[in-house]
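Trainee: Numbering (our numbering), first residue to last: 1 to 267.
Spelled out as structure tokens, the structure:
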């Protein structure tokens, strides 16, 4: 079956959040998470979406009408929304350089994805009586393809600041779209992306690079779920938190925030 999704996340001192819109064959789903770092409280919801239904996570174009989640040119005036009972989120992503990959599968199919990290995001986030209006940095993930029926992968994305003051972002993966070259792996330094070699995940506690660099992760909260819907079944863990350590080339993080994930899907 064709799978496609748009996943966005923002990592700030005040909160860590994500939202996604997923389609697997005829089945649709939306989910979102807000981790309030001050109150140490997680708000989250996952909802199945009927064909043609909007769900709780969507994207709007300049004229206010729903715009396609995939294939839109970078820099278009689009806003991501989350709307649930006591949650209202609006995210406007700024410009940034995409990394795009098309990877063949063992079955002769393909998977397409494009990612960008360390992107400025205008945020208006309301959770209950609390509201944040600020500019932070985040990541975007748009993907589509005919992934193998059973796919297992580990993934991480985040943003940070190096010891020398430059900004950093990353998208790292093992198990999906990860050939030795022309993969979706990318590291952005001051907005300029480059591709590191293959990485190795040490559970959801660290990521090792082929030149000996290593990112350590400390979870603050974790989203996890297991579902069996006959044609589709999956389990995943997705903790959010802080990073320390080094990126390839001896680049040391002064601070870092982001997400780790392990996913096991029959889809």
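Ideal placement from N, C-alpha and C gives every residue a C-beta, glycine not left out.
Which complete beta strand (DSSP E) runs does the stretch 32-62 hold, if anything under 3 residues is left out?
Mentor: Runs found: 41-49, 57-60.
Trainee: Which one of 170, 25, 79 has the shortest CA to CA distance from residue 88?
Mentor: When each option's Cα is compared against that of residue 88, the closest is 79.
Trainee: Would DSSP call residue 202 helix, strand or coil?
Mentor: Reduced to three states, the DSSP call for residue 202 is strand.
Trainee: Just grab the DSSP bridge partners of residue 305 for me.
Mentor: Within the shown structure, residues of the chain are numbered from 1 to 267, placing residue 305 beyond reach of any answer.
Trainee: Taking only runs of the beta strand (DSSP E) that begin and end inside the stretch 92-147, which ones reach a length of at least 3 residues, in chain order?
Mentor: You should have 99-104, 110-127, 130-145.
Trainee: Could you compute how far the alpha carbon of residue 109 sits from the alpha carbon of residue 223?
Mentor: Taking the straight line from one Cα to the other gives about 31 Å.
Trainee: Spatial neighbours of residue 162 within its chain, please: C-beta separation below 7 Å, excluding the five flanking residues on both sides.
Mentor: 168, 251, 252, 253, 254.
Trainee: Measuring CA to CA, which of 184, 229, 234, 119 is closest to residue 94?
Mentor: Considering only alpha carbons, the answer is 119.
Trainee: Quick check on DSSP: helix, strand or coil for residue 182?
Mentor: If DSSP states are grouped into helix, strand and coil, residue 182 belongs with coil.
Trainee: Spatial neighbours of residue 76 within its chain, please: C-beta separation below 6 Å, excluding the five flanking residues on both sides.
Mentor: Note that residue 76 scores 49 on pLDDT, short of 50, meaning its location in the model is unreliable; the coordinates nonetheless yield the value given after this. Here the set comprises nothing.
Trainee: Assuming residue 3 and residue 24 make a contact with CB atoms under 8 Å, what is their CB distance in whole Å?
Mentor: With a Cβ gap of about 5 Å, residue 3 and residue 24 count as contacting.
Trainee: By how many angstroms is the C-alpha of residue 34 removed from the C-alpha of residue 206?
Mentor: If you take the alpha carbons of residue 206 and residue 34, they lie about 23 Å apart.
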